[in-house]
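This report concerns only the one structure given below.
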Amino acid sequence: MQDFLAWMNETPWSIALRESFFVWPLIEATHVLTIMLFVGTIFMVDLRLLGLAFRKVAVSEITSKILPWTIAGFGLMVITGLLLFYAKPLVYYHNLFFRLKLLILIVAMGNILFFHKRVQSGVNGWDLSSAIPKSARASAVISICSWILIVVAGRMIAYDWFDCEKLEQGGLLNSLASCPNSQISMLVTE
Numbered sequence: 017m018q019d020f021l022a023w024m025n026e027t028p029w030s031i032a033l034r035e036s037f038f039v040w041p042l043i044e045a046t047h048v049l050t051i052m053l054f055v056g057t058i059f060m061v062d063l064r065l066l067g068l069a070f071r072k073v074a075v076s077e078i079t080s081k082i083l084p085w086t087i088a089g090f091g092l093m094v095i096t097g098l099l100l101f102y103a104k105p106l107v108y109y110h111n112l113f114f115r116l117k118l119l120i121l122i123v124a125m126g127n128i129l130f131f132h133k134r135v136q137s138g139v140n141g142w143d144l145s146s147a148i149p150k151s152a153r154a155s156a157v158i159s160i161c162s163w164i165l166i167v168v169a170g171r172m173i174a175y176d177w178f179d180c181e182k183l184e185q186g187g188l189l190n191s192l193a194s195c196p197n198s199q200i201s202m203l204v205t206e
């Protein structure tokens, strides 16, 4: 994996992207804005499921109106996220917050699949009810917590507190970040 990412890091497009004065900030800003769109629309549904907002609106109505926006936000978020990773693959690969973000993202995506496949399939029975099933409420809580943690971990990626050059060789954090030995690390930072 390290060799592939080192190769990707040196491709002309990767270099051009990370050194771009206008394109890099545009992609990064678009990524943040699409996260806001995606997470914001998910929170609207989650708050309805928890009975904290939109109580008079049917769950099916709110999901049908918001889902297209959620999907659009998700698509743009993934595209811009992949471009950001492509620009700095070695930096992100060894970043502990990036790894944490991916792990929580797996939980969040699993929760989305669970909700849409299992919970939402029975929505006709409780669509306008104030007694939302426990599984729907639990899914909403998991969703809100996951997306808050993803946003926080994503924001923490920018800090270099746990960069390979700063970690103790052979230490636990060094191992968790899959830091290369010091000779390779010197090549990555140049």
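Under the numbering used here, residues 17 to 206 are what the sequence shown spells out, in order. C-beta: ideal position from N, C-alpha, C; glycine also.
Residues in the same chain with beta-carbon distance under 7 angstroms from THR50, minus the five sequence neighbours each way, listed in chain order, please. GLY89, LEU92, MET93, THR96
Got a sec? Which residues, its chain only, sit under 7 angstroms from VAL16 by beta carbon, not counting five neighbours each side? No answer is possible for residue 16: the residues shown for the chain start at 17 and end at 206.
What is the DSSP secondary structure of ASN190, counted as helix, strand or coil? The three-state reading of DSSP puts ASN190 in helix, counting H, G and I together.
Assigned exposure category for GLU206 - 16 Cβ within 10 Å defines buried: In this prediction, GLU206 scores a pLDDT of 44, lower than 50, which makes its location untrustworthy; no coordinate-derived value is stated.
Between LEU92 and chain D, is the shortest Cβ-Cβ distance under 8 angstroms, so that the two count as touching? Annotation note: the requested chain D is absent from the structure, which comprises a single protein chain.
Count the CB pairs spanning the region 57-64 and the region 100-111 that are closer than 8 angstroms, and state whether there are at least three. no
Look at the alpha carbon of THR79 and the alpha carbon of GLY187, and state the distance between them as a whole number of angstroms. 47 angstroms
Roughly how many angstroms lie between the CA atoms of ILE148 and THR27, to the nearest whole one? Between ILE148 and THR27, the C-alpha separation is close to 51 angstroms.
Just the C-alpha distance for LEU42 and MET24, rounded to the nearest angstrom, thanks. 21 angstroms
Alpha helix (DSSP H) containing LYS72: first to last residue? From DSSP, LYS72 is part of no alpha helix (DSSP H); its letter is neither H nor E.
Would you mind listing the alpha helix (DSSP H) stretches within the region 65-124 that are 4+ residues and don't spill past its ends, in chain order? 75-103, 105-109
LYS150 - containing alpha helix (DSSP H), residue span: 150-172
Less than 8 angstroms between the C-beta atoms of VAL139 and SER151, yes or no? no
Contact between the region 113-122 and the region 164-174: three or more CB pairs below 8 angstroms? yes
Starting from ASP19, follow the alpha helix (DSSP H) in both directions and report where the run begins and ends. 18-25
Determine the DSSP secondary structure at ASP179, reduced to helix, strand or coil. coil
Taking VAL168 as the reference, which of GLU35, LYS104, LEU121, ILE128 has the closest Cα? LEU121
How about ALA124 and SER159: are their beta carbons less than 8 angstroms apart? yes
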